[in-house]
Amino acid sequence: VEYYLGNIERQQHLNAFLEVWSDEARAQADVVDAKLAAGTAGPLAGMVIGIKDVLAYAGHSLQSSSLMLDGFKSLYTGTAVQRLLDADAILIGRQNCDEFAMGGSNESSYFGPARNAADAERVPGGSSGGSAVAVQADMCLASIGSDTGGSVRQPAAFCGVIGFKPTYSRISRYGLVAFASSFDQIGPITRSVADAALLTQVMAGPDGMDSTASQREVPAYSQQLTPASHYRIGYIADAVDSEGLNPEIKAAMETQLDLLRGQGHVVEPVDFHYLDVMIPTYYILTTAEASSNLGRFDGVKYGYRAPDATDLESLYKKSRTQGFGAEVQRRILLGTFVLSASYYDAYYTKAQRVRRLIKDKTDELLRQYDFLVLPTTPTTAFKIGEKQDPVSMYLADIFTVQASLAGVPAISVPVGEDENGLPIGLQVMAGAFREAELLAFASLLT
Ligand code: GLN
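In structure tokens:
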């Protein structure tokens, strides 16, 4: 705990943590020490973990990096966080992220951007940017983030660490601030596949507080990390050949595919015809869901209330106008529009249909192949302030939203650096609930 607290203290310029729970972490370390001595310690004893500011922890501030939740403290602890505590993890603090997890650079945070430890002028990715840089810069052993369209995998790729999004519904969403409920999934950011496996195993499983959490039993992932000697691997050819892909990322991916071929695995190109409809489909559906989920922030029940309101309607209007940042407002407006009576069928219903096509095609490919490989991101970490246009930011999610639209598990693994020393991530998807196989395979890449 002292080691990580020292690293946090020395690297405050990276803006990874919004709050550090030093005293509590020290006290918890003493408890864990005593349990270790008594032989009663849980499986995560001694693991020092940071949590993204979208996870509820009773008595602790929860703000989703937004002014809208200013002063709000959670009344309860979410399931994933409770399971970490029950397994004797040590929680060290609350981590910076994009406002309401909307973004891919951590720049939409009310608390300012987090910074990439490889180059502090560059973004750590997002939305779980603080969580990724905290692991990259050794400010905690692991972080817990959330991934709606890449928010665990993309910052992990930008920061040279591992980011794992389990199958949708594998980990209960109880106590996770809702962004797009049919996409949101909690996931770990770690330095090793073994830690990702162990943390997922602890957090996953049925939960009486979330009826959408899967009832399936959770395998002991951390004990099944030995890869098989023969896999069938497909790589998404249209992704590799796409125009915007940085040549160094393409080369890093080809190197990995060659290594896999050399180990005797079958590696084949596959065509996935929906690459160009992925971003519109994702942004129509997630903004629709977000506009509904964020309706609860009305200036009455939580956090921020406009001081200058004169009646109920102006209370709603002013609180939401002042409390939400520009990106969140843009998405609420877009989502409200695609759900409006005259446009519902043209946008929302159509996007639902396209999501089904994407899911069916992805599932079909994942029956033919054990895994699908593609880049995590089209570029390495970009400069803070570089992407001013929201659409260019959205387009950068091109490779991560497929797994989110299809609900399948996906992991980003670091596979090298570009000529500027910026990390490169490779992404692997597997069929729904094939986390054990996916994690075992990922260990071949590190
Ligand atoms: N960058 C994507 C978005 O802005 C993903 C965010 C996320 O996964 N929370 O929607």
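Positions in the sequence shown are counted from 1; adding 24 to them yields my numbering.
From the three backbone atoms N, C-alpha and C, an ideal C-beta is built for every residue, glycine too.
This structure is a prediction, so every number in the text was calculated from the model and none was measured.
Taking the alpha carbon of residue i as the reference point, which residue from the options has its own alpha carbon closest?
i: ALA69; options: LEU222, ARG320, GLN160; result: LEU222
i: THR214; options: MET233, ALA314, ARG177; result: ARG177
i: LEU108; options: TYR134, GLU123, ILE75, LEU99; result: ILE75
i: GLN52; options: PHE296, ILE114, LEU29, PHE124; result: ILE114
i: GLU123; options: GLN106, ASP94, ALA104, ASP110; result: ASP94
i: ILE32; options: ALA161, VAL105, ALA142, ASP47; result: ALA161
i: VAL12; options: ARG194, TRP45, LEU396; result: Since the first and last residues shown for the chain are 25 and 470, residue 12 lies out of range.
i: ARG329; options: PHE96, PRO447, ASP57; result: PHE96
i: SER388; options: ALA430, PHE423, SER246, ILE356; result: The amino acid at residue 388 is misidentified as Ser; the sequence shows Glu. When each option's Cα is compared against that of GLU388, the closest is ALA430.
i: PHE361; options: SER316, GLY117, ASP208; result: SER316
i: ARG391; options: ARG458, SER366, GLY173; result: ARG458
i: TYR418; options: PRO304, TYR368, ALA261; result: PRO304
i: ALA58; options: LYS189, PHE321, ASP112; result: ASP112
i: ALA228; options: VAL147, GLY286, HIS84, GLN106; result: GLN106
i: ALA275; options: ASP421, PRO402, GLY117; result: PRO402
i: GLY83; options: ASP413, THR191, ARG118, GLY286; result: ARG118
i: GLN451; options: THR424, ALA144, GLY319, GLY288; result: THR424
i: VAL397; options: ILE356, LEU60, ILE260; result: ILE260
i: GLY409; options: GLN87, ASN130, VAL72, SER85; result: ASN130
i: ALA218; options: LEU29, ILE116, ALA166, LEU60; result: ALA166
i: ALA141; options: ALA420, GLN353, GLY268, PRO447; result: PRO447
i: PHE203; options: ASP322, GLU241, SER175, GLY136; result: SER175
i: ASP295; options: GLY136, TYR393, SER238; result: TYR393
i: GLU48; options: LEU60, ALA61, ILE73, SER338; result: ILE73
i: TYR198; options: SER216, MET163, SER238; result: SER238
i: GLU267; options: PRO243, ILE422, ASP332; result: ILE422
i: ASP413; options: VAL290, SER206, GLY128, ALA61; result: GLY128
i: VAL201; options: ARG320, ASP143, TYR134; result: ARG320
Given that a residue counts as buried once 16 or more other Cβ atoms are within 10 Å of its Cβ, and exposed if not, what is residue i?
i: LYS407; result: exposed
i: THR334; result: exposed
i: LYS325; result: exposed
i: MET233; result: exposed
i: GLY34; result: In the sequence as displayed, the identity of residue 34 is Arg instead of Gly. Burial call: exposed.
i: GLY445; result: exposed
i: HIS37; result: exposed
i: THR310; result: buried
i: GLU313; result: buried
i: SER235; result: exposed
i: GLU18; result: Coverage of the chain is limited to positions 25 through 470, which leaves residue 18 absent and any answer about it impossible.
i: GLY173; result: buried
i: THR64; result: exposed
i: GLN287; result: exposed
i: SER89; result: buried
i: LEU336; result: exposed
i: GLU461; result: buried
i: GLN349; result: One point to set straight first is that residue 349 is Gly, not Gln, in the sequence displayed. The residue is buried, with at least 16 neighbouring Cβ atoms inside 10 Å.
i: SER246; result: buried
i: GLN87; result: buried
i: GLY30; result: exposed
i: HIS289; result: buried
i: THR345; result: exposed
i: ALA558; result: Absent from the model: residue 558. The displayed extent of the chain is 25 to 470, so no value can be given.
i: SER155; result: buried
Beta-carbon separation of residue i and residue j under 9 Å?
i: MET126; j: GLY347; result: no
i: VAL78; j: ARG50; result: no
i: GLY187; j: ILE435; result: yes
i: PRO179; j: GLY149; result: yes
i: GLY66; j: ASN120; result: no
i: GLY449; j: PRO433; result: no
i: ASP171; j: SER196; result: no
i: LEU358; j: TYR307; result: yes
i: ALA40; j: VAL185; result: no
i: PHE395; j: ARG256; result: yes
i: ALA427; j: THR386; result: yes
i: LEU249; j: SER467; result: yes
i: TYR81; j: THR101; result: yes
i: ASP384; j: ILE273; result: no
i: VAL378; j: VAL301; result: yes
i: LYS342; j: GLY323; result: yes
i: ASP262; j: HIS297; result: yes
Whole-angstrom Cβ separation of residue i and residue j, contact assumed at under 8 Å?
i: SER132; j: GLU351; result: 4 Å
i: ALA181; j: THR400; result: 4 Å
i: GLU43; j: SER85; result: 6 Å
i: VAL147; j: ALA405; result: 6 Å
i: CYS164; j: TYR28; result: 5 Å
i: ALA220; j: LEU463; result: 7 Å
Tell me, please, whether the CB atom of residue i is closer than 9 Å to any CB atom in chain B?
i: ASP57; result: The displayed structure is made up of one protein chain only, and chain B is not part of it.
Practice task
Taking only runs that begin and end inside the stretch 207 to 270, name each unbroken alpha helix (DSSP H) of 4 or more residues, in chain order.
Solution key: 217 to 227, 261 to 264
Exercise for the section: Scan the stretch 346 to 425 and note each continuous beta strand (DSSP E) run of 3 residues or more that stays entirely inside, going in chain order. Expected result: 395 to 399
Problem - Continuous beta strand (DSSP E) assignments of at least 3 residues falling wholly in the stretch 272 to 314 - result: 290 to 294
Handout entry: Inside the stretch 85 to 110 only - alpha helix (DSSP H) runs reaching at least 4 residues
Key = 103 to 110
Exercise for the section: Identify every run of the beta strand (DSSP E) within the stretch 115 to 201, keeping only runs that are complete inside it and at least 3 residues long; order them along the chain. Expected result: 166 to 171, 186 to 189
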